[in-house]
Amino acid sequence: MNPLALPVVLTAVAAGSALAQQGYPPAPPAPRPQLPALQAPTYQAPAYQSPAVSVPRQQAPVYRTPQLRTAPAPQQQVQQGWTNSSPTRTTRAVGGGRYFGVFGGLNTLDDLDVSGAGLSATAETDDGTVFGAAFGTAIHGGTGMYTRFEIEGSYRSNDLESVDLLGLSGGDGDLTALGVHLNGYLGIPLGRMVTVYGGAGIGVSKLDADVSIGGANFDETISGSFSYQFIAGLEFALSPNVSVYGEYRYYKASSDFGFDALESLGDSVGVDIDSYDYEANSFLIGLRLYF
Numbered sequence: 011m012n013p014l015a016l017p018v019v020l021t022a023v024a025a026g027s028a029l030a031q032q033g034y035p036p037a038p039p040a041p042r043p044q045l046p047a048l049q050a051p052t053y054q055a056p057a058y059q060s061p062a063v064s065v066p067r068q069q070a071p072v073y074r075t076p077q078l079r080t081a082p083a084p085q086q087q088v089q090q091g092w093t094n095s096s097p098t099r100t101t102r103a104v105g106g107g108r109y110f111g112v113f114g115g116l117n118t119l120d121d122l123d124v125s126g127a128g129l130s131a132t133a134e135t136d137d138g139t140v141f142g143a144a145f146g147t148a149i150h151g152g153t154g155m156y157t158r159f160e161i162e163g164s165y166r167s168n169d170l171e172s173v174d175l176l177g178l179s180g181g182d183g184d185l186t187a188l189g190v191h192l193n194g195y196l197g198i199p200l201g202r203m204v205t206v207y208g209g210a211g212i213g214v215s216k217l218d219a220d221v222s223i224g225g226a227n228f229d230e231t232i233s234g235s236f237s238y239q240f241i242a243g244l245e246f247a248l249s250p251n252v253s254v255y256g257e258y259r260y261y262k263a264s265s266d267f268g269f270d271a272l273e274s275l276g277d278s279v280g281v282d283i284d285s286y287d288y289e290a291n292s293f294l295i296g297l298r299l300y301f
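Going by my numbering, the first residue of the sequence shown is number 11, and it counts up by one from there.
In structure tokens:
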């Protein structure tokens, strides 16, 4: 019941009782007011959502067996002529391909001995010099050996120490040889840095003799004389493209190198003067650049 309607009801009841006591019939009951139904407000609690919490997945640790590191096995490496390999295998000591070289050293001559019936001429020479240059190519084989071919130019010069001609002694002069040769070589490596080689060459030379004795001059020049040489040496590699070498050469120019004046003197008296062959022993050091 609505509490606001209670006083109204009580007042009506009291008035009805008073009228009944005075003899009045009771009044009909007043209609009950129709009050709108009150609906209690409904309360809807808000839905509660717990915040999403992301829990990182934990992975079980993976155990890996440690691997032992071993030294790499030796491998053959080739870089512009160098070879690293086992000691039982022949190695290539110097570079291949084209090269340019220069050399110089000591040049010694056999004594000059020209003789005939009753006439003779003897000359001793001082140790002289030789120098030259060469351009060529080297071809390496599968076994480490190589062949080389080159064109070489050289110049040799020796002073005369003493001259004995027809009883006259003293005097001075010089002997020179300018040559151009085609040489061939065969080289055998002795290790990673050393190669031994041998070779030979043929060519032509210009020989010149200038001798003065007792106021008389004996000069002679021979051009186009056939010459040849034998060669042996050791080459030391400083790098794949640079090497130094030491070398011995036996050089000979065959010609009628007997001084025209002396031969003419022999002819005037009916004596055949023997000719002289220019022979030299050369000891060289040199440098080669491969490219």
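Glycine included, C-beta positions come from ideal geometry on N, C-alpha and C.
Just so you know, these numbers come straight off a predicted model, no measurement behind them.
Here R74 carries a coil assignment [DSSP, helix/strand/coil].
Under the three-state reduction of DSSP, D120 is assigned to coil, being neither helix nor strand. Within the stretch 127–162, no run of alpha helix (DSSP H) reaches 4 residues while sitting entirely inside it. Separation of G194 and L119 (C-alpha to C-alpha, rounded to the nearest whole angstrom) is 24 angstroms. Scanning its chain for C-beta atoms nearer than 8 angstroms, with the 5 sequence neighbours on each side dropped, one finds around G114 the residues T139, V140, F141, G142, L294, I295, G296, in chain order. Here DSSP, grouped into helix, strand and coil, assigns N251 to coil. The beta carbon of L192 sits closer than 7 angstroms to the beta carbons of I161, G211, I212, G213 from its chain, once the five residues preceding and following it are set aside; these are given in chain order. Counting only residues of its own chain and dropping the five nearest sequence neighbours on each side, L185 has a CB closer than 6 angstroms to the CB of N168, A219. According to the DSSP assignment, D220 belongs to the beta strand (DSSP E) that extends over 204–223. Burial is judged here by how many other beta carbons sit within 10 angstroms of a residue's own beta carbon; Q77 has fewer than 16 and is exposed. Under the three-state reduction of DSSP output, L192 falls in the strand class.
With a cutoff of 9 angstroms on beta-carbon distance, S237 and G189 are scored as near each other. The Cβ-Cβ distance between T135 and D174 does not fall below 9 angstroms.
Between F246 and Y255, the beta carbon gap of about 7 angstroms places them in contact (Cβ cut-off 8 angstroms).
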